[in-house]
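Undergrad: Numbering (my numbering), first residue to last: 619 to 923. My questions all concern the structure below.
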Amino acid sequence: MIGVFLAEQVFADGIEDNASFAFMDVNIKGDEKETSVPDRGELGMKRMVVENYARIVDKKIFYLETVGSEGIPVVFVHGNFASSTWFEPSLEILPERFKGYAIDLPSFGRSDRLEEISIDNYANYVIDFILEMEADGVVLVGHSLGGAVAQSVVIKRPDLIDRVILVDPAPPDGLITPEEVYPYLEMYKGNRELLKKALMGVMPTRKEDDFLERLVDDALLMDEKCFVENARALDRYDFGDELKKTEVPHLVIVGKLDQIITEEMARRFEKLVKNIEVKVLQEYGHSVIVENTELFMEMFIDFTD
Numbered sequence: 619m620i621g622v623f624l625a626e627q628v629f630a631d632g633i634e635d636n637a638s639f640a641f642m643d644v645n646i647k648g649d650e651k652e653t654s655v656p657d658r659g660e661l662g663m664k665r666m667v668v669e670n671y672a673r674i675v676d677k678k679i680f681y682l683e684t685v686g687s688e689g690i691p692v693v694f695v696h697g698n699f700a701s702s703t704w705f706e707p708s709l710e711i712l713p714e715r716f717k718g719y720a721i722d723l724p725s726f727g728r729s730d731r732l733e734e735i736s737i738d739n740y741a742n743y744v745i746d747f748i749l750e751m752e753a754d755g756v757v758l759v760g761h762s763l764g765g766a767v768a769q770s771v772v773i774k775r776p777d778l779i780d781r782v783i784l785v786d787p788a789p790p791d792g793l794i795t796p797e798e799v800y801p802y803l804e805m806y807k808g809n810r811e812l813l814k815k816a817l818m819g820v821m822p823t824r825k826e827d828d829f830l831e832r833l834v835d836d837a838l839l840m841d842e843k844c845f846v847e848n849a850r851a852l853d854r855y856d857f858g859d860e861l862k863k864t865e866v867p868h869l870v871i872v873g874k875l876d877q878i879i880t881e882e883m884a885r886r887f888e889k890l891v892k893n894i895e896v897k898v899l900q901e902y903g904h905s906v907i908v909e910n911t912e913l914f915m916e917m918f919i920d921f922t923d
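In structure tokens:
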């Protein structure tokens with residue numbers, strides 16, 4: 619998540635209990651629209667996922683990885699107020715031909731803390747993680763703030779990346795948080811109930827359950843300075859000119875019910891990236907990765923085939 623939660627969003631009561639599994643697929647190169655319902659396809663039995671740590675430069679970085687496969691590497695990068703746990707369901711159903719990794723960015727979850735908070739700094743640790751894993755031809759997946767990090771990674775080291783999937787990403791020219799919102803971000807520090815309401819707001823089609831409680835616990839692990847500094851970091855970049863140079867194929871996914879990232883923001887990528895596809899999910903919010911993981915994985919498989 620990005621964490622730009624206006625007061626009316628945080629305290630909203632209208633969380634839906636049910637969601638359609640249909641989605642609208644809109645190709646940015648034309649006006650054709652296609653509605654489809656996913657089947658399991660390659661999605662089989664749950665894979666084993668294990669916890670691990672890696673020493674990346676000067677920091678200890680926590681990550682999850684799939685067991686039993688040395689296939690195409692996939693690196694998942696979470697958003698604000700988040701952690702690798704957000705991608706645990708994706709790792710569990712990732713097809714066997716892929717080797718999956720989901721990291722806790724530094725200053726999040728169980729990873730060490732950063733002295734300087736910036737999107738580029740986060741990206742440097744993702745790059746060094748990829749190099750430490752000796753991964754090549756990576757499928758890079760970034761959600762929300764992690765989408766901004768993924769943009770920085772592909773700009774810095776396109777030689778390492780085969781494809782990029784951005785899920786409700788921060789836009790290519792940055793995301794401005796109004797000054798009046800910052801006091802609300804400060805209020806989240808140590809306040810489990812407010813954080814829980816905020817997380818529920820970005821996954822409006824997911825019912826409250828034990829997994830949500832785990833996500834709230836992980837949100838509380840984020841370095842306190844990041845509650846404000848991540849929003850500042852999202853305001854300080856503009857990758858527009860650099861993205862025009864990339865040849866790496868991109869898939870951008872955005873939920874129509876997302877109250878943080880609009881379809882217009884997601885479509886800014888079409889003016890910059892040559893090889894790109896946009897999918898607009900009519901029935902989902904900011905977090906299809908946890909609202910409907912199987913649907914997300916079907917789109918992942920389609921894009922990587």
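Don't be surprised by glycine CBs; every beta carbon is placed ideally from N, CA and C.
Look at the Cβ atom of residue 720, then the Cβ atom of residue 733, and state whether they are nearer than 8 angstroms.
TA: Here residue 720 is taken as the residue at index 102 of the sequence shown, counted from 1. Here residue 733 is taken as the residue at index 115 of the sequence shown, counted from 1. No, they are not a contact pair.
Undergrad: Please return the same chain residues whose Cβ sits closer than 7 angstroms to the Cβ of residue 670, not counting the five positions on each side in sequence.
TA: Residue 670 sits at position 52 when you count from the first residue of the sequence shown. The answer, listed in chain order, is 681, 683.
Undergrad: Only counting the same chain, and skipping five residues up and downstream in sequence, which positions put a Cβ closer than 6 angstroms to that of residue 765?
TA: Taking the first residue of the sequence shown as position 1, residue 765 is located at position 147. These residues qualify, in order along the chain: 784, 787, 788.
Undergrad: Under 8 angstroms: do the segment 787-802 and the segment 742-759 share three or more Cβ pairs, one atom per stretch?
TA: No, they do not touch.
Undergrad: If you draw a straight line from the alpha carbon of residue 881 to that of residue 742, how long is it in whole angstroms?
TA: Along the sequence shown, one-based indexing puts residue 881 at 263. Along the sequence shown, one-based indexing puts residue 742 at 124. For residue 881 and residue 742, the distance between alpha carbons rounds to 28 angstroms.
Undergrad: Could you tell me whether the Cβ atoms of residue 730 and residue 677 are closer together than 8 angstroms?
TA: The count along the sequence shown starts at 1 and reaches residue 730 at position 112. The count along the sequence shown starts at 1 and reaches residue 677 at position 59. Yes, the pair counts as a contact, with Cβ atoms nearer than the cut-off.
Undergrad: Do residue 847 and residue 893 have their CB atoms nearer than 8 angstroms?
TA: Residue 847 sits at position 229 when you count from the first residue of the sequence shown. Residue 893 sits at position 275 when you count from the first residue of the sequence shown. Their beta carbons are not under 8 angstroms apart, which means residue 847 does not touch residue 893 by this criterion.
Undergrad: Mapping the DSSP letters down to three states, classify residue 684 as helix, strand or coil.
TA: The residue labelled residue 684 in the question sits at position 66 within the sequence shown. Here residue 684 sits in strand by DSSP.
Undergrad: Please report the residue range of the alpha helix (DSSP H) in which residue 810 lies.
TA: As a first step, residue 810 is located in the sequence shown; it is residue number 192 there, counting from the start. It spans 810-820 - the alpha helix (DSSP H) in which residue 810 sits, taken as one unbroken run.
Undergrad: Please determine if the segment 818-834 and the segment 791-803 are in contact, where contact requires at least 3 C-beta pairs separated by less than 8 angstroms.
TA: Taking 8 angstroms as the limit for Cβ pairs, the verdict is that the segment 791-803 does not touch the segment 818-834.
Undergrad: Looking only at its chain, what residues have a beta carbon closer than 6 angstroms to the beta carbon of residue 867, apart from the 5 residues adjacent to it on each side?
TA: As a position in the sequence shown, residue 867 is number 249, starting the count at 1. Excluding positions up to five away in sequence, the list reads 781, 893.
Undergrad: Determine the closest residue to residue 862 out of 710, 777, 874, 890, with distance taken between C-alpha atoms.
TA: Taking the first residue of the sequence shown as 1, we reach residue 862 at position 244. Cα-wise, what sits closest to residue 862 is 890.
Undergrad: How many Å lie between residue 759 and residue 695 at the Cα?
TA: What you label residue 759 is simply residue 141 of the sequence shown in a count that begins at 1. What you label residue 695 is simply residue 77 of the sequence shown in a count that begins at 1. C-alpha separation (whole angstroms): 6 angstroms.
Undergrad: In the DSSP assignment, find the beta strand (DSSP E) that holds residue 726 and state where it starts and stops.
TA: Here residue 726 corresponds to residue number 108 of the sequence shown, with the count starting at 1. Residue 726 -> no beta strand (DSSP E), and no H or E assigned at all.
Undergrad: For residue 726, which residues of its own chain have a beta-carbon under 6 angstroms away from its beta-carbon, when the five flanking residues on both sides are left out?
TA: The count along the sequence shown starts at 1 and reaches residue 726 at position 108. Cβ neighbours of residue 726 beyond the five flanking positions: 701, 840.
Undergrad: Is the beta carbon of residue 748 less than 8 angstroms from the beta carbon of residue 778?
TA: Residue mapping note: residue 748 aligns to position 130 of the sequence shown, counting from 1. Residue mapping note: residue 778 aligns to position 160 of the sequence shown, counting from 1. For residue 748 and residue 778, yes; Cβs fall inside 8 angstroms.
Undergrad: Tell me residue 748's beta-bridge partners as DSSP assigns them.
TA: Your numbering for residue 748 matches position 130 in the sequence shown. Its beta-bridge partners do not exist; DSSP assigns none.
Undergrad: What span of residues does the alpha helix (DSSP H) with residue 906 cover, start to end?
TA: Start at 1 with the first residue of the sequence shown, and residue 906 comes out as number 288. Start and end: 906-909.
Undergrad: Who are the Cβ neighbours of residue 738 in its own chain at under 6 angstroms, not counting the five residues just before and after it?
TA: Residue mapping note: residue 738 aligns to position 120 of the sequence shown, counting from 1. For residue 738, where only same-chain residues beyond five positions count, the Cβ hits under 6 angstroms are 770.
Undergrad: Name the one or two DSSP bridge partners that residue 807 has.
TA: Position 189 of the sequence shown, counted from the first residue, corresponds to residue 807. According to DSSP, residue 807 bridges with nothing at all.
Undergrad: Would you tell me roughly how many angstroms separate the C-alpha atoms of residue 746 and residue 852, rounded to the nearest one?
TA: Residue 746 sits at position 128 when you count from the first residue of the sequence shown. Residue 852 sits at position 234 when you count from the first residue of the sequence shown. Those two C-alpha atoms are separated by around 21 angstroms.
Undergrad: In chain order, what residues of the same chain lie with their CB nearer than 6 angstroms to the CB of residue 692, ignoring the 5 residues before and after it?
TA: If you number the sequence shown from 1, residue 692 lands on position 74. Once the five neighbours on either side are set aside, the close Cβ partners of residue 692 are 716, 718, 757.
Undergrad: On the three-state DSSP scale, how would you describe residue 691?
TA: On the sequence shown, residue 691 is found 73 positions in, with the first residue counted as 1. Strand, per DSSP.
Undergrad: What number of angstroms, rounded off, separates the C-alpha of residue 815 from the C-alpha of residue 907?
TA: Locating residue 815 in the sequence shown gives position 197, where the first residue counts as 1. Locating residue 907 in the sequence shown gives position 289, where the first residue counts as 1. Those two C-alpha atoms are separated by around 18 angstroms.
Undergrad: Would you kindly check if the distance between the Cβ of residue 898 and the Cβ of residue 887 is under 8 angstroms?
TA: For this step, residue 887 is matched to residue 269 along the sequence shown. For this step, residue 898 is matched to residue 280 along the sequence shown. No, Cβ-Cβ distance for residue 887 and residue 898 is not below 8 angstroms.
Undergrad: Drop a sphere of 10 angstroms on the beta-carbon of residue 686, count the other beta-carbons inside from all chains shown, and report buried for 16 or more, exposed for fewer.
TA: Indexing the sequence shown from 1 puts residue 686 at position 68. Under this definition residue 686 is an exposed residue.
Undergrad: Identify the continuous alpha helix (DSSP H) that holds residue 852 and give its terminal residues.
TA: For this step, residue 852 is matched to residue 234 along the sequence shown. Where residue 852 is concerned, the enclosing alpha helix (DSSP H) stretches over 844-852.
Undergrad: In the DSSP assignment, find the beta strand (DSSP E) that holds residue 718 and state where it starts and stops.
TA: As a first step, residue 718 must be located in the sequence shown, where it is residue number 100. Start and end: 716-721.
Undergrad: Quick one: residues in its chain with C-beta nearer than 7 angstroms to the C-beta of residue 842, no 5 flanking neighbours on either side, listed in chain order?
TA: On the sequence shown, position 224 is the one that residue 842 refers to. Here the set comprises 807.
Undergrad: Rounded to a whole number of angstroms, what is the C-alpha to C-alpha distance between residue 800 and residue 896?
TA: For the purposes of this step, residue 800 is taken as the residue at position 182 of the sequence shown. For the purposes of this step, residue 896 is taken as the residue at position 278 of the sequence shown. Straight-line Cα distance between these residues: approximately 31 angstroms.
Undergrad: Going by beta carbon distance, what residues of the same chain come within less than 8 angstroms of residue 709, once the five residues before and after it are set aside?
TA: The residue given as residue 709 occupies position 91 in the sequence shown. Cβ within range, chain order: 665, 667, 682, 683, 684, 694, 718, 720.
Undergrad: Please report the distance separating the alpha-carbon of residue 910 from that of residue 857.
TA: Taking the first residue of the sequence shown as position 1, residue 910 is located at position 292. Taking the first residue of the sequence shown as position 1, residue 857 is located at position 239. C-alpha separation (whole angstroms): 30 angstroms.
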